[in-house]
Amino acid sequence: MRALLCLILICSSTFAFAKAPADIYPAATVAVRAEKLTAHSYYIPGMAGAANTRNQGFMSNAGFVITPAGVVVFDTLGSPSLAQEMVKRIRELTKLPIKRVIVSHYHADHYYGIQVFKDLGAEIWAHEAGSSVVGSDAAKQRFEQRKEILGQWINDQTQRFPAPDVWLSGDTDFELGGMQFRVRHVGPAHSDEDLVLFVETDGVLYAGDLVFKGRVPFVGDADSKRWLNALEKLIALQPKVLVPGHGGASDTPMEDLTLTRDYLVFLRHEMGRAVDELTPFEEAYEKTDWSRYEKMPAFLEANRRNAYNIYIQMEKESVSK
Ligand SMILES: [Zn+2]
Numbered sequence: 059m060r061a062l063l064c065l066i067l068i069c070s071s072t073f074a075f076a077k078a079p080a081d082i083y084p085a086a087t088v089a090v091r092a093e094k095l096t097a098h099s100y101y102i103p104g105m106a107g108a109a110n111t112r113n114q115g116f117m118s119n120a121g122f123v124i125t126p127a128g129v130v131v132f133d134t135l136g137s138p139s140l141a142q143e144m145v146k147r148i149r150e151l152t153k154l155p156i157k158r159v160i161v162s163h164y165h166a167d168h169y170y171g172i173q174v175f176k177d178l179g180a181e182i183w184a185h186e187a188g189s190s191v192v193g194s195d196a197a198k199q200r201f202e203q204r205k206e207i208l209g210q211w212i213n214d215q216t217q218r219f220p221a222p223d224v225w226l227s228g229d230t231d232f233e234l235g236g237m238q239f240r241v242r243h244v245g246p247a248h249s250d251e252d253l254v255l256f257v258e259t260d261g262v263l264y265a266g267d268l269v270f271k272g273r274v275p276f277v278g279d280a281d282s283k284r285w286l287n288a289l290e291k292l293i294a295l296q297p298k299v300l301v302p303g304h305g306g307a308s309d310t311p312m313e314d315l316t317l318t319r320d321y322l323v324f325l326r327h328e329m330g331r332a333v334d335e336l337t338p339f340e341e342a343y344e345k346t347d348w349s350r351y352e353k354m355p356a357f358l359e360a361n362r363r364n365a366y367n368i369y370i371q372m373e374k375e376s377v378s379k
């Protein structure tokens, strides 16, 4: 019985492996390349800007780690065609099976390639807060939008959204091929379900959309208090290399993390004080000393709106106190 089971397992993994090189989806024509970060860790750098037919929806990063026992993947890019290219890059480096995929969060640019990995037999892990997104009306609307924007790259014929094999309820550590991995739930911050992956053996942190490098971040409607908690959790991991969800990898992650944290703390402090003293936003903004941040990239585009969003948040927080 045990022998039979082994045989079935071997057969199924051989079958899964044999399927990998064939092009099932239209071949992406953008350059999907893998960049080596450390002994085992790689990332796929996405292009800049919003999704369009020129970048074919390739505007977010993904990562993978080759252990002696198989491959761990972090995020699956923005379409099955892009994920297919990513699998090819992995296959150029190793013939070991792709064992596990961690979904950072359920935003289209990060998980639309998921079915490609599922079909190869990888086990998909995501945080349970994402279960309200998968199959939801909001997700369906997003899909319709995506089809319109991306034409042939996203369509009803090719796109599926397999549910994860494991819904995580919190932080989880695991080992593969003698390498130590830590999955941390850091949401709700950028999204409710935010997961990051820390490859302890390599000191590499795949951080999803929580960290911005060398620039003023876009706060958007993110809850800055929770975002700060998430950043503290990432800082505690003491990463040596950080791969953000968008933009290049960083070998000064502690600087990037503390910069984003300090900026948020500063905004909350200044705008919080203005709210306490009943100073109108415009006046508070003019009075604030921005000299520490005003020379940084994206300051002009982002700072005023960030300050305003935080001002509104601090008003809400002071009402609910
Ligand atoms: Zn996102």
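The numbering of the sequence shown is my numbering, which starts it at 59 and goes up by one. All C-beta atoms, glycine included, are put in the ideal place defined by N, C-alpha and C. All values reported here derive from a predicted model rather than from experimental measurement.
Is any heavy atom in ligand 1 found nearer than 7 Å to the beta carbon of S137?
Position 79 of the sequence shown, counted from the start, is the residue given in the question as residue 137. Flag unset: Cβ of S137 not near ligand 1.
Less than 8 Å separating the beta-carbons of S282 and I368?
The sequence position of residue 282 within the sequence shown is 224, counting from 1. The sequence position of residue 368 within the sequence shown is 310, counting from 1. A contact, by the Cβ cut-off of 8 Å.
For the beta strand (DSSP E) holding M237, just list the boundary residues, first then last.
One-based indexing of the sequence shown puts residue 237 at position 179. M237 to H243 is the extent of the beta strand (DSSP E) around M237.
For ligand 1, any of its heavy atoms closer than 7 Å to the Cβ of G245?
Locating residue 245 in the sequence shown gives position 187, where the first residue counts as 1. No, the Cβ of G245 stays beyond 7 Å of every heavy atom of ligand 1.
Under three-state DSSP, which class holds W348?
Numbered from 1 along the sequence shown, position 290 holds the residue referred to as residue 348. Looking at W348 - three-state DSSP - the assignment turns out to be coil, as it is neither helix nor strand.
Would the beta-carbon of G185 be found less than 7 Å away from any heavy atom of ligand 1?
Counting from 1 along the sequence shown, the entry for residue 185 is found at position 127. Correcting the residue type first, residue 185 is His in the shown sequence and not Gly. Result no, Cβ not under 7 Å from ligand 1.
Which residues bound the alpha helix (DSSP H) around T261?
The residue given as residue 261 occupies position 203 in the sequence shown. Here residue 261 is Gly; the residue named in the question, Thr, does not match the sequence. Taken as a continuous stretch (DSSP letters only), G261 belongs to no alpha helix (DSSP H), as it is neither H nor E.
Assuming G306 contacts M372 (C-beta within less than 8 Å), just tell me the rounded distance between them.
Taking the sequence shown and counting its residues from 1, the one referred to as residue 306 is at position 248. Taking the sequence shown and counting its residues from 1, the one referred to as residue 372 is at position 314. So it is not a contact: roughly 33 Å between Cβ atoms.
Using a threshold of 7 Å, is the CB atom of S349 nearer than that to any non-hydrogen atom of ligand 1?
Here residue 349 refers to the residue found at position 291 of the sequence shown. No, since every heavy atom of ligand 1 falls outside the 7 Å radius drawn around the Cβ of S349.
Taking DSSP as the reference, what is the three-state secondary structure of H168?
Your numbering for residue 168 matches position 110 in the sequence shown. Note: H168 maps to helix in three-state DSSP.
Taking 7 Å as the cut-off, is the beta-carbon of S190 closer than that to any non-hydrogen atom of ligand 1?
Reading the sequence shown from its first residue, position 132 is the one you call residue 190. It does not: the Cβ of S190 is nowhere closer than 7 Å to a heavy atom of ligand 1.
Let me have the residue list for ligand 1: C-beta closer than 5 Å to any non-hydrogen atom, ordered along the chain.
H165 and D267
Residue span of the beta strand (DSSP E) that contains R149, given as start and end
Translated into positions along the sequence shown, residue 149 becomes position 91. R149 -> not in any beta strand (DSSP E); alpha helix (DSSP H) instead, spanning P138 to L151.
Per DSSP, the bridge partner or partners of A184:
Stepping through the sequence shown from its first residue, residue 184 is reached at position 126. Looking at the DSSP assignment, A184 forms a beta bridge with W225.
Cutting at 6 Å between CB atoms, please list the residues of its own chain near Q114, excluding the five before and the five after it.
Along the sequence shown, read from residue 1 onward, the residue named residue 114 stands at position 56. The residues are A86, V88 and W211.
Nearest neighbour of R200, chosen from H168, D133, V174 and E344 [CA to CA]:
Indexing the sequence shown from 1 puts residue 200 at position 142. R200 has its Cα closest to that of H168, out of H168, D133, V174 and E344.
Pick out whichever of V257, S249 and F175 has its Cα sitting closest to the Cα of D223.
Position 165 of the sequence shown, counted from the first residue, corresponds to residue 223. Of the candidates V257, S249 and F175, the one whose C-alpha sits nearest the C-alpha of D223 is F175.
What's the gap between the Cα of L135 and the Cα of N361?
Start at 1 with the first residue of the sequence shown, and residue 135 comes out as number 77. Start at 1 with the first residue of the sequence shown, and residue 361 comes out as number 303. Approximately 29 Å between the Cα atoms of the pair.
Which residues DSSP lists as bridging S99, in chain order:
Here residue 99 refers to the residue found at position 41 of the sequence shown. BP columns for S99 point to V123.
How would you label I156, buried or exposed, when you count the other beta carbons within 10 angstroms and need 16 or more for buried?
Taking the first residue of the sequence shown as position 1, residue 156 is located at position 98. That one is buried.
Using the rule of at least 16 other Cβ atoms within 10 Å of the residue's Cβ for burial, across every protein chain shown, is A92 buried or exposed?
Here the question's residue 92 lines up with position 34 in the sequence shown. Result: buried.
Residues near K379 by beta carbon distance below 8 Å, same chain, minus five either side
Counted from its first residue, the sequence shown places residue 379 at position 321. Cβ within range, chain order: n/a, list empty.
Using three-state DSSP, classify D231 as helix, strand or coil.
Position 173 of the sequence shown, counting from 1, holds the residue named residue 231. Note: D231 maps to strand in three-state DSSP.
Look at the Cβ atom of I207, then the Cβ atom of A109, and state whether they are nearer than 8 Å.
Within the sequence shown, residue 207 is the residue found at index 149, counting from 1. Within the sequence shown, residue 109 is the residue found at index 51, counting from 1. Yes, these two residues count as a Cβ contact at 8 Å.
Whole-angstrom C-beta distance between H243 and L226, which should lie under 8 Å:
Within the sequence shown, residue 226 is the residue found at index 168, counting from 1. Within the sequence shown, residue 243 is the residue found at index 185, counting from 1. Contact holds; Cβ gap of about 7 Å.
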